[in-house]
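Just below is one structure, and these are the notes that go with it.
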Amino acid sequence: MMDRSVAVARITETENLTSDLTDADAQWVIDWGVAQLDVLVLGSRDEASAGYKLNQLMAVMRALGSIGGTYAERPPTLLIGDLRGFFARYALAFGQPNRVREADLAPLAARIVPLAPQAVLQVLLATAAGPAPQGEANHG
């Protein structure tokens with residue numbers, strides 16, 4: 001099992017996770033990533049599994065930081081590609097199906113462009129996590 005302080009150090013000392021963001025937005029992504037450690041990484045059965053899950057989490061953080069820092073300047077087709085990659089990484093890291101359909105990407109890209117960076121980060125994470133299963137069952 002990976003020691004929590006080692007995992008936190010890997011996240012906080014890896015500069016390219018958040019290099020596209022302002023300091024405040026970068027700290028928000030780091031805080032989010034550290035908050036995921038207990039569930040995602042530290043419950044792994046061995047050091048190798050924990051390292052693998054930590055790398056997946058960091059890939060999600062890197063994609064999130066890249067989108068959060070560049071979304072306003074990206075052409076729509078490139079932004080849609082960035083979103084596609086982010087949601088695929090999130091689904092892999094969290095061991096769940098990708099909840100975002102291809103048809104949802106263009107409207108989502110249009111929706112986030114006018115938002116402030118931290119709002120974009122929050123929208124992307126909420127969209128990736130999706131509604132609770134009960135919420136999906138109760139629609140309609």
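Under my numbering, the first residue of the sequence shown is numbered 1, with each subsequent residue one higher.
The beta carbon of each residue, even a glycine, is placed where N, CA and C say it ideally should be.
Since the structure is predicted, the reported quantities are computational estimates derived from the model, not experimental observations.
With a threshold of 16 other CB atoms inside 10 Å of the CB of residue i, please say whether the residue is buried or exposed.
i	result
T127	buried
D82	buried
M1	exposed
T18	buried
G95	exposed
L121	buried
L43	The sequence as given places Gly at residue 43; Leu does not occur at that position. Exposed, since its Cβ has fewer than 16 Cβ neighbours within 10 Å.
Considering only their Cβ atoms, is the gap separating residue j from residue i smaller than 7 Å?
i	j	result
D25	Q118	yes
L105	I67	no
A63	F86	yes
A109	Q56	no
G65	L21	yes
V39	K53	no
Y90	V123	no
Classify residue i as helix, strand or coil using the three-state DSSP reduction.
i	result
A63	helix
P97	coil
E73	coil
M58	helix
S142	Because the chain is modelled from 1 through 140, residue 142 falls outside the range shown and cannot be assessed.
What residue range does the alpha helix (DSSP H) around residue i cover?
i	result
P76	76-94
S5	4-12
A128	117-129
A103	102-112
V34	23-40
The segment 29-37 contacting the segment 7-16, beta-carbon criterion three pairs below 8 Å: yes
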